[in-house]
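Input: a single structure, listed below in structure tokens.
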Amino acid sequence: PGTLHFRPSGGDTMIQTKSPWARAALHLGQDMDLIQAVVMAKSENTFFPSEPCFFHWAVEEKPDYIVFGFTVTHMAMVISEALQIPIVGFF
Numbered sequence: 006p007g008t009l010h011f012r013p014s015g016g017d018t019m020i021q022t023k024s025p026w027a028r029a030a031l032h033l034g035q036d037m038d039l040i041q042a043v044v045m046a047k048s049e050n051t052f053f054p055s056e057p058c059f060f061h062w063a064v065e066e067k068p069d070y071i072v073f074g075f076t077v078t079h080m081a082m083v084i085s086e087a088l089q090i091p092i093v094g095f096f
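Positions 6 to 96 (my numbering) are the ones given, in order, by the sequence shown.
Structure (structure tokens):
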């Protein structure tokens, strides 16, 4: 009771964020809404293939609720609806 479990979900975020293009986008995106929007869309696109892994762990662990970050909101909502598990997000 009262425990958070972190489970592997695949991917390698560090490789994607260390490229010269990614660093430039992250730097310029601090001041430009358009770049922020493109980066956020790309991050959601990048995380979507991990949905089966997220779903697997939700079925396996049967949590009381799912805690998620803003880049995986759509996946948390799908899993929540399919498995009837409440979600708690932070942005």
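Note that beta-carbon positions come from the ideal geometry of N, C-alpha and C, so glycine has one too.
Check whether residue i and residue j have beta carbons under 7 angstroms apart
i	j	result
Ile-90	Ala-81	no
Enclosing alpha helix (DSSP H) for residue i [first to last residue]
i	result
Ile-40	38-52
Phe-73	Premise fails: Phe-73 lies in the beta strand (DSSP E), 71-74, not in any alpha helix (DSSP H).
Helix, strand or coil at residue i according to DSSP, with G and I counted as helix
i	result
Phe-59	helix
Ile-92	strand
Leu-33	helix
His-79	helix
Thr-25	Per the sequence presented here, residue 25 reads as Pro, with Thr not at that position. Reduced to three states, the DSSP call for Pro-25 is helix.
Ser-85	helix
Of the listed residues the options, nearest to residue i (C-alpha basis)
i	options	result
Ser-48	Ile-92, Ile-84 and Gly-74	Gly-74
Legend entry - Sufficient close CB pairs (3 or more, under 8 angstroms) joining the stretch 56-72 to the stretch 23-31: no
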